[in-house]
Amino acid sequence: MQQAAKFLGVSVLAGAVMAGLALPAAGALGLAAKGSVESFDEIPANLKSPQLSQRTTILDSQGKQIATVYSRDRTVVDLKDISPYMQKAIVAIEDSRFYQHGAVDLKGVLRALNKNAQEGGVTQGASTLTQQLVKNYFIEEAGDDPTKVAQATQQTLGRKIRELKYAIQIEDKLGKKKILENYLNITFFGEQAYGVEAASQRYFSKHAKDLNLQQAALLAGIVQSPSRYDPINDEAEATKRRNVVLQRMAEVGDISQKEADQAKEKSLGLHPSRPKNGCITAVQGAGFFCDYVREVVLTDPVFGKTKAARAKLWNRGGLTIRTTLDPQAQQSVQASIKDHVYKGDDVATAATIVEPGTGRILAMGQSRPYGMNASEHETTLNLSVNQDMGGGVGYQPGSTFKPIVAAAAIEGGKPATQEYSSPYQMMYPTPVAACDGKIWRDDPKKPSPLKNENASEHGPYSMKEATAKSVNTYYVQLISDIGICPVIKMAKKMGVERADGNAIKQAPSIALGTQEMSPLTMANAYATFATRGMYCTPVAIESVTRKTGSKQTSLPVPKSTCSRAMSEKTADTVTTLLKGVVEDGTGQRAGLGSRPSAGKTGTTDERFAAWFVGYTPNMAGAVWVGDPAHHRKMIDITIGGISHAKVFGGEVPGPIWRDMMSGALESKPVEDFHLVDIPDGNASGNGQGRGHGKRDDGHNGDTTGRLIGGLIGGPADGGTTGGGTAGGTTGGTAPAPTFSFPGNLIQGQSNGGGNGNGFGGRRG
């Protein structure tokens, strides 16, 4: 008896199936039903409602919206927040007997079968709203996978039977009101709008609860064929369809014929809003920071064990991401950049500010706007971050790397009064101890020369004066004395890594900043000095909540982890050295007046890049200026409307840093550093030819025209080719050095490994 009842029920279902499929009605009904009883039983008992894709909102640290991102523009609302006109219109046109039938409308099935038999094809369907809801569930679960979408929409008997079984379940479980609410939230209304709230905003710039009669009728009419009835692209066709809905509402008694006729006479009254999707819509120039947040969600395991799981979380949306972005700092960064570097200049600038002690990224900006329009100088390449987070291969930091060498030396026991002969020019010392018992050796046949900025700069110098004046030969002698490995280890403790993800090459030229870094890396490294030796990993996200129905659920987020990179005394000593750079050295134009600050300038050979990296106890920031493509030398160049014969780190990046930090720190407490006493020393050579280093120092080449330290490691400047020359210049190159190993095993490996650290002559 039970089996007979099931057969009868499935027969009805099979009839409903063939009302929507191009199958012959006569005879096939019994066959379909007979084969479908077993199929009906085999379908899993429970259908899980999918988590609907919604907008994700990204907020700054004060809770103000930065941007909205989504794969599907949808905002889920309760039925009470949907206009009654909308509820009636969709029922009238899609399933007028919705409140009278169950999951299957038997009258509708018979009507459709008769109509289709007369027409010889499928001209009328019989799917109820509940069946359509189930179909949309499967489509939603398929996401953006075209194969899964095709499977969810294919016209097969099995799919129809599965939809029917689940429709029966949903009717029993949810009830009519919830089914209608879910349907209106999941349905596609065209123009990237999923759900009635997004559609209301897209076409009328209003909430779904405020839709009037004719507006509701228009939206209800779109559902059958969103492309055909798109009112933005075909107003006439959309008007005809709207009027069909209005007439149907009158026929079923939802409105009077007079109301329908009056509404038909009115225009569509469109007031469309452009979809605001993605980081391109970010305010305050925060598009690149927004993109960085996206990369964090897509790459950090805290958001999912697999890449697919993280992508699903991001694409499903419904997230509210509160970030670390400080609106005051971000506005100040963008204002300073705009004042000093124009978006159409031959070179660009990128700047980042972080908070010492927390790793919180407070600001991130660049002169070239976020976007896809190259003719407007837009780009989506984030110049502030590493390659694996949406950035490029990085930029040689020049002399801004020298404080890391100083920290390694001081931590290892060298005093800040340490003196070296620091001649104007010299050959790279060889051999130099490297890690794991290896030894770096220069090529004795073609030794690599280096020199200071001008002949008046010669020692002996102490660390204090050499840092203020950015003396190349001093720092090469220093790293040759302590060895390469302590510097490599100190850099690692401070989170300093190559932007392309490769290992830092072991060669004494790293003291002069020959390894490509990102501004975020350098800013966060200098924050370690500000926190008296504690390094904290950078973070961009404070909290994430996910909307599930009417509930908000908190999700775990990446946390900054802090560790001691050096002693407080070492950090305080480096700060004292770098305070001298701002007060008496090459970074004077970056000074913050009465607010204590410390920092270092940097300029690379051939002036492909110029930097200023500095900090106060409150904030640390890095500014890079250069050509992202590594082609344009900053010689005889106009930047921000100002002509420069040569660009120095203290003259372009320095003022950018000064202005952005001044604005970011406005109204913030003035804090003092913990300084140490460093005697001036007894150096007889004073390098007075450059005064107190009021200008930065940069390009170094020897008298033969060769690039100094030219091939202490492969192609230079961001992976350009040409055997260590910068951007294909014709100057000669020094030979590749070799590592020697114990047991007289010689390995012919250059310290650059072909990754662009070739210049030994960096000055800042």
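Residue 59 in UniProt numbering is what sits at position 59 of the sequence shown, and the numbering runs on without skipping anything.
Virtual Cβ for every residue (Gly too), placed ideally from N, Cα, C.
Task: Span separating the alpha-carbon of Pro444 from that of Lys438 - done: Indexing the sequence shown from 1 puts residue 444 at position 444. Indexing the sequence shown from 1 puts residue 438 at position 438. So the alpha carbons of these two residues sit roughly 18 Å apart.
Task: CB-CB length for Met463 against Ala408, believed under 8 Å - done: As a working note, residue 463 is residue 463 in the sequence shown. As a working note, residue 408 is residue 408 in the sequence shown. Not really, about 12 Å apart at Cβ, beyond 8 Å.
- [ ] Check the DSSP bridge columns for Gly626 and list the partner residues they point to.
- [x] Taking the first residue of the sequence shown as position 1, residue 626 is located at position 626. Bridge partners of Gly626: Ala348, Ala609.
- [ ] Assuming Gly650 contacts Thr601 (C-beta within less than 8 Å), just tell me the rounded distance between them.
- [x] In the sequence shown, counting from the first residue as 1, residue 650 sits at position 650. In the sequence shown, counting from the first residue as 1, residue 601 sits at position 601. The pair is a contact, with the Cβ atoms about 4 Å apart (cut-off 8 Å).
Open item on the list: Once DSSP output is grouped into helix, strand and coil, what is the label at His644?
Closed with: Indexing the sequence shown from 1 puts residue 644 at position 644. Judged by DSSP in its simplified three-state form, His644 adopts strand.
Task: Proximal residues to Gly221 (C-beta, below 6 Å), its chain only, five neighbours per side dropped - done: Counted from its first residue, the sequence shown places residue 221 at position 221. Within the same chain, Gly221 has close Cβ partners Tyr229, Arg241, Arg242, Val245.
- [ ] Going by CA-CA distance only, name the one from Glu251, Ala350, Gln262 that's closest to Ala610.
- [x] Within the sequence shown, numbered from 1, the residue matching residue 610 stands at position 610. Checking every option, the nearest Cα to that of Ala610 belongs to Ala350.
Task: Rounded C-alpha distance that separates Lys307 from Pro655 - done: Taking the sequence shown and counting its residues from 1, the one referred to as residue 307 is at position 307. Taking the sequence shown and counting its residues from 1, the one referred to as residue 655 is at position 655. Between the C-alpha atoms of Lys307 and Pro655 there is a straight-line separation of about 41 Å.
Open item on the list: So, for Val354: in the same chain, excluding its five sequence neighbours on each side, which residues have a beta-carbon less than 8 Å away from its beta-carbon?
Closed with: As a working mapping, residue 354 is identified with position 354 in the sequence shown. Within the same chain, Arg360, Ile361, Leu362, Leu520, Ala523, Asn524, Ala527, Pro538, Met619, Ala620, Gly621 come within 8 Å of Val354 by CB-CB distance, once the 5 residues on both sides are set aside.
TODO: Could you pull out every residue in the same chain whose Cβ sits closer than 6 Å to the Cβ of Arg294, ignoring the five residues on either side in sequence?
DONE: Translated into positions along the sequence shown, residue 294 becomes position 294. Same-chain partners within the cutoff: there are none.
Task: Check whether Tyr428 and Glu457 have beta carbons under 8 Å apart - done: The residue given as residue 428 occupies position 428 in the sequence shown. The residue given as residue 457 occupies position 457 in the sequence shown. Cβ atoms of Tyr428 and Glu457: not closer than 8 Å.
- [ ] Report all residues from its chain with a CB closer than 6 Å to the CB of Asn386; omit the five preceding and five following residues, and keep chain order.
- [x] Looking up residue 386 in the sequence shown gives position 386. Scanning its chain for C-beta atoms nearer than 6 Å, with the 5 sequence neighbours on each side dropped, one finds around Asn386 the residues Ala499, Ser518, in chain order.
- [ ] From the DSSP output, read off the bridge partner residues of Met517.
- [x] In the sequence shown, the residue the question calls residue 517 occupies position 517. DSSP, once it has assigned bridges, lists Tyr395 as partnering Met517.
Task: Supposed contact pair Val393 and Glu516 - C-beta distance, whole angstroms, cut 8 Å - done: As a position in the sequence shown, residue 516 is number 516, starting the count at 1. As a position in the sequence shown, residue 393 is number 393, starting the count at 1. With a beta-carbon spacing of about 6 Å, Glu516 and Val393 fall inside the 8 Å limit used to define contacts.
Open item on the list: Helix, strand or coil for Gly599? Go by DSSP, reduced to three states.
Closed with: As a first step, residue 599 is located in the sequence shown; it is residue number 599 there, counting from the start. Annotated three-state conformation of Gly599 is strand, per DSSP.
Task: Short Cβ contact (8 Å threshold) for Tyr166 with Val196 - done: For this step, residue 166 is matched to residue 166 along the sequence shown. For this step, residue 196 is matched to residue 196 along the sequence shown. Not a contact, by the Cβ cut-off of 8 Å.
Task: Ala199, buried or exposed, once every other Cβ within 10 Å from all chains shown has been counted against 16 - done: The residue given as residue 199 occupies position 199 in the sequence shown. Around the C-beta of Ala199, 16 or more other C-beta atoms lie within 10 Å, and the residue is accordingly described as buried.
TODO: State the beta-bridge partners of Gln366 as determined by DSSP.
DONE: Position 366 of the sequence shown holds residue 366. Beta-bridge pairing links Gln366 to Ala350.
Open item on the list: With distance defined between alpha-carbon atoms, name the residue in Lys258, Leu268, Asp254 nearest to Glu237.
Closed with: The residue labelled residue 237 in the question sits at position 237 within the sequence shown. Nearest Cα to Glu237 within the set Lys258, Leu268, Asp254: Leu268.
- [ ] Check whether the Cβ atoms of Ala530 and Pro272 sit closer than 8 Å, and answer yes or no.
- [x] In the sequence shown, counting from the first residue as 1, residue 530 sits at position 530. In the sequence shown, counting from the first residue as 1, residue 272 sits at position 272. Cβ distance not < 8 Å, so Ala530 and Pro272 don't count as in contact.
- [ ] Alpha carbon to alpha carbon, how far is Leu313 from Thr56? Give it in angstroms, no decimals.
- [x] Here residue 56 corresponds to residue number 56 of the sequence shown, with the count starting at 1. Here residue 313 corresponds to residue number 313 of the sequence shown, with the count starting at 1. Taking the CA atoms as reference points, Thr56 sits about 10 Å from Leu313.
Task: Which of helix, strand or coil DSSP assigns to Pro423 - done: Looking up residue 423 in the sequence shown gives position 423. Correct three-state label for Pro423: coil.
TODO: For Thr473, name the three-state secondary structure that DSSP assigns.
DONE: Counted from its first residue, the sequence shown places residue 473 at position 473. In the three-state reduction of the DSSP assignment, Thr473 falls in the helix class, which pools H, G and I.
Task: Touch test, the stretch 581 to 595 against the stretch 481 to 488, Cβ-Cβ under 8 Å, three pairs minimum - done: With a cut-off of 8 Å on Cβ pairs, the stretch 581 to 595 is not in contact with the stretch 481 to 488, counting fewer than three such pairs.
Task: Reduced DSSP category for Lys338 - H, G, I as helix; E, B as strand; rest coil - done: Here residue 338 refers to the residue found at position 338 of the sequence shown. In the three-state DSSP reduction, Lys338 falls in the helix class (H, G or I).
- [ ] Output the distance between the C-alpha atoms of Thr352 and Gly344, rounded to the nearest integer angstrom.
- [x] By one-based count along the sequence shown, residue 352 stands at place 352. By one-based count along the sequence shown, residue 344 stands at place 344. Thr352 and Gly344: Cα-Cα distance of roughly 21 Å.
Open item on the list: Quick check on Arg162: does DSSP put it in helix, strand or coil?
Closed with: Here residue 162 corresponds to residue number 162 of the sequence shown, with the count starting at 1. Here Arg162 sits in helix by DSSP.
Open item on the list: What does DSSP give as the partner residue(s) for Met534 in the beta ladder?
Closed with: By 1-based counting over the sequence shown, the position of residue 534 is 534. Under the DSSP definition of a beta bridge, Met534 partners with Arg564.
TODO: Determine the burial state of Pro596: buried for a count of at least 16 other Cβ atoms within 10 Å of its Cβ, exposed for fewer.
DONE: Taking the first residue of the sequence shown as 1, we reach residue 596 at position 596. By the beta-carbon neighbour count (other beta carbons within 10 angstroms, threshold 16), Pro596 is buried.
Open item on the list: For Pro628, count the other beta carbons within 10 Å of its own beta carbon; 16 or more makes it buried, fewer makes it exposed. Which is it?
Closed with: Taking the sequence shown and counting its residues from 1, the one referred to as residue 628 is at position 628. Classification for Pro628: buried.
TODO: Can you say whether Gly641 is buried or exposed, counting buried as having 16 or more other CB atoms within 10 angstroms of its CB?
DONE: To locate residue 641, count along the sequence shown from 1; it is residue 641. So Gly641 counts as exposed.
Open item on the list: If you reduce the DSSP assignment to three classes, tell me which class Lys489 lands in.
Closed with: Locating residue 489 in the sequence shown gives position 489, counting from the first residue. Shown here, Lys489 sits in a helix according to DSSP, grouped into three states.
Open item on the list: Does Met1 pass the burial test, meaning 16 or more other C-beta atoms within 10 Å, or should it be called exposed?
Closed with: Translated into positions along the sequence shown, residue 1 becomes position 1. Any reading at Met1 is ruled out, since the residue's pLDDT is 41, under 50, leaving its predicted position unreliable.
TODO: Quick one: residues in its chain with C-beta nearer than 6 Å to the C-beta of Ser554, no 5 flanking neighbours on either side, listed in chain order?
DONE: The residue you call residue 554 lines up with position 554 of the sequence shown. Taken in chain order, the residues that qualify are Thr545.
Open item on the list: Comparing C-alpha positions only, which one of Thr548, Ser83, Gly175 sits nearest to Gln100?
Closed with: Within the sequence shown, residue 100 is the residue found at index 100, counting from 1. Closest by alpha carbon: Gly175.
Task: Ile488 vs Gln477 beta-carbon contact at 8 Å - done: Locating residue 488 in the sequence shown gives position 488, where the first residue counts as 1. Locating residue 477 in the sequence shown gives position 477, where the first residue counts as 1. No, the pair does not count as a contact, with Cβ atoms beyond the cut-off.
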